[in-house]
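Protein chains in written order, with my numbering: chain A, 2 to 326; chain B, 2 to 326. Each residue gets a CB set at the ideal place from its N, CA and C atoms; glycine is no exception. Please read these numbers as outputs of a predicted model, since none were measured by experiment.
Protein chains: 2
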Amino acid sequence: MQLSEIYKLVQEDLARVESQIKSVSEVDSPGLAELSSYILAGGKGIRPALTLLSGKFCHYNLDLLLPMATAVELMHTATLVHDDAIDNSPVRRGRPTINEVWGEDKAILLGDYLFAKAGEFVASTGNLRVIKLFSQILQTISGGELDQSFDAFNLEQTRDHYLQRISSKTASLFSMATESGAILSQAPEESIEVLREYGYNLGIAFQIVDDVLDFIGTEEEMGKPVGSDLAQGTLTLPAMLLLERYPDDNPVKELFSSNDMPEGDKQERIKQAIELVCNSPIVQECYAVASDYCARACHKLGLLPDNTSRQALKDLADLVISRKR
Amino acid sequence: MQLSEIYKLVQEDLARVESQIKSVSEVDSPGLAELSSYILAGGKGIRPALTLLSGKFCHYNLDLLLPMATAVELMHTATLVHDDAIDNSPVRRGRPTINEVWGEDKAILLGDYLFAKAGEFVASTGNLRVIKLFSQILQTISGGELDQSFDAFNLEQTRDHYLQRISSKTASLFSMATESGAILSQAPEESIEVLREYGYNLGIAFQIVDDVLDFIGTEEEMGKPVGSDLAQGTLTLPAMLLLERYPDDNPVKELFSSNDMPEGDKQERIKQAIELVCNSPIVQECYAVASDYCARACHKLGLLPDNTSRQALKDLADLVISRKR
């Protein structure tokens, strides 16, 4: 199953979301126009697709779902722009980041602008429930990232810590994408809850796979250097399992314990960690955990009306596990 | 007239705003609690006072005005946190900035969190008009700051540029403060417009005085180093008038034209510019412009019901001109 087949059901409306997003860069200010058109080209689009698909179980109302799906993608983009500034990341999606080309100051302000623009699209739905959801999820994301940055290079983190972190960072936005689609199509409360849970668990699975790909992917596939989580001091599931497996002599432990390791030595440790992960069952273990979350995501989908959108959500869960980038 | 006398009318409710703001730092995450309680101590409180005073002309409803006034102050604080990160400012209100103590990454995330929190307070009013206003003003502020950062060290700026900049940066939030207070108290459209204009013009005057104080104030009064605008490459009204007065041999021109001036020479140029401004009628000229905006602010207040709040707004306009910090 290809992503394009899954999206078929909402293909035309996804194109409308894309053109709404592009319209954000049609502004008088030349600087803002340049930065926003640069950052708003491309993107995976899984989040807006989730909003549209989740709107297919009751009264599909494009007038409300279109601005909401647009807001979801803009909010995601804004968090990426700020994340890259925070991590000093030079590359994203195979292209230099905003901070790399225009500097960190522009990245901060562009992110703020995109948050505001996302807020405007959400407000235009006129639905107070999704408006409140939006500001709560933004708190969850930024609060979670703050926790993560306080936890950087900390080896004393449990798996619960990790799940908490990716829940705030990724699953919260996925759940907002599905929940808001359900709310705006006036789905019954039970369906809203089923779709919220679907989005949440899918988001956890998606992030675990992302974290594995940071070890086993190639720079070309990922559009950014592999091993970047370790370089930032972020302990993800594969690294945690590696620490459990080799508690004493471990390159991650060495990397996180030294404050003044020369850059070449750091890169060497990251390379060793990647090799150890790739030559162990850790990758399979991580996929097993992610599969479990995908199963949880789909668990209650049976409570929704049986339609092509429900099938698309199931297929999407399968695809999240098998994706390569 | 003292500020405390002007605020007397809303003193108790301002104390409630303060305690709402303090409650923002009562969170489980220790890192977030530490950062937010640090930044949310202190502040001038003119913006929330404007919201409360503007709510006094029709149905004063504290249940709505309290979250709105809180949101206005949180939004202002969030923009300051991001501004300081962008400018690498070490000191604000006489204390080290977030970026100085905890680093730029924490400042970015704390600012995002405070924006989200502000959004939650606005959403809790349940009033779509102020919710939309909030996201539009956040766009105006961040878009305006972006324009300013593209214009840094640019000598080819007109007075219109300057007014446009301070309109986005300061007047927009002042106008949101007053307009939202009027909307939430169900004031008639004419009164809403009078109060919006009052806030807007008062904000312009406030910022002009702020820009003058960056030349004539002391570090102790201002809580930050004087001449910081020039150091950031920001051309404000006093510097513009100085360039008009001395078009050829001018320390501002030298400062802005050189890419690689040693730090000591930069400081020398800033000192010269400050001296030249202080020993010329430029300060008086700037105050005349600010006074003109205060007069515009008060011009239509006569259309509002004649009450103590209207008098307080007039007194506040007088005070903005005479403030020393």
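Neighbourhood of residue i by C-beta, 7 angstroms cutoff - its chain only, sequence neighbours within 5 removed
i	result
Val195(A)	Lys301, Leu302, Leu304 and Leu305
Ile138(A)	Ser173, Leu174 and Met177
Ile132(B)	Val123 and Ala124
Gln268(B)	none
Tyr8(A)	Leu15 and Ala50
Ala291(B)	Ala206, Ile209, Val210 and Ile322
CB contact flag (residue i, residue j, <9 angstroms)
i	j	result
Asp85(B)	Glu101(B)	yes
Gly204(A)	Ser176(A)	yes
Leu256(B)	Ile275(B)	no
Phe116(A)	Phe58(B)	no
Val73(B)	Thr98(B)	no
Ser185(A)	Gly56(A)	Checking the sequence, you will find Leu at residue 185(A) rather than Ser. Their beta carbons are under 9 angstroms apart, which means Leu185(A) touches Gly56(A) by this criterion.
Ala336(A)	Thr71(A)	The requested residue 336(A) is not part of the displayed model; chain A covers only 2 to 326.
Ala79(A)	Gly112(A)	yes
Leu314(B)	Leu54(B)	yes
Arg17(B)	Leu63(B)	yes
Leu15(A)	Pro49(A)	yes
Cys279(B)	Ile209(B)	no
Pro252(A)	Gln273(A)	yes
Gly228(A)	Asp215(A)	yes
Leu41(B)	Ile22(B)	yes
Tyr163(A)	Thr179(A)	no
Asn202(A)	Arg297(A)	yes
Leu242(B)	Glu190(B)	no
Thr159(A)	Pro68(A)	no
Leu75(B)	Asn128(B)	no
Glu121(A)	Ser136(B)	yes
Distance cut-off 8 angstroms: residue i Cβ against heavy atoms of the ligand GDP
i	result
Val253(B)	The ligand content of the structure shown is nil, which means the ligand GDP is not present either.
Same chain, Cβ closer than 8 angstroms to residue i, neighbours up to 5 away in sequence not counted
i	result
Met2(A)	Asp316, Asp319 and Leu320
Tyr61(B)	Ser186
Val28(A)	Ala34 and Ser37
Cys299(B)	Tyr199, Leu314, Lys315 and Ala318
Gln165(B)	Gly145 and Asp148
Leu134(B)	Met177, Glu180, Ser181 and Ile184
Asp212(B)	Ile167, Asp230, Thr237, Leu238, Pro239 and Cys287
Cys295(B)	Asn202, Leu203, Ala206, Ala318, Asp319, Val321 and Ile322
Ile193(B)	Glu180, Ala183 and Ile184
Test: residue i CB closer than 9 angstroms to a CB of chain B
i	result
Asp106(A)	yes
His83(A)	yes
Thr26(A)	Thr is not the amino acid found at residue 26(A); the sequence shown has Ser there. No, Ser26(A) does not count as interfacial toward chain B.
Asp148(A)	yes
Gln140(A)	yes
Phe58(A)	no
Ser136(A)	yes
Ile99(A)	no
Gly144(A)	yes
Cβ shell of residue i (< 6 angstroms), same chain only, five flanking positions each side left out
i	result
Gly224(A)	Arg94 and Gly95
Leu156(B)	Phe257
Phe207(B)	Val321
Any chain A beta carbon closer than 9 angstroms to residue i
i	result
Ile109(B)	yes
Using 8 angstroms as the threshold, is the segment 99-114 of chain B in touch with the segment 223-238 of chain B, meaning 3 or more CB pairs across them?
-> no
Contact set between the segment 112-132 of chain A and chain B, restricted to residues whose Cβ is under 7 angstroms from the partner = Asp113, Tyr114, Phe116, Ala117, Lys118, Gly120, Glu121, Ala124, Gly127, Leu129 and Ile132
Near-chain B residues of the segment 65-91 of chain A - C-beta to any C-beta below 7 angstroms | His83, Ala86 and Ile87
Between the segment 28-39 of chain B and the segment 144-163 of chain A, do three or more beta carbon pairs fall short of 8 angstroms?
-> yes
Relative to chain A, which residues along the segment 2-30 of chain B have a C-beta separation below 8 angstroms, given in chain order?
-> Val28 and Ser30
Residues within the segment 32-49 of chain B neighbouring chain A, beta-carbon criterion of under 7 angstroms | Gly32 and Leu33
Indicate whether the contact test is met: 3 or more Cβ pairs, each with one atom in the segment 137-150 of chain A and one in the segment 164-175 of chain A, closer than 8 angstroms.
-> yes
Got a sec: which bits of the segment 148-179 of chain A sit with their beta carbon under 8 angstroms from any beta carbon on chain B, in order along the chain?
-> Asp148, Ser150 and Phe151
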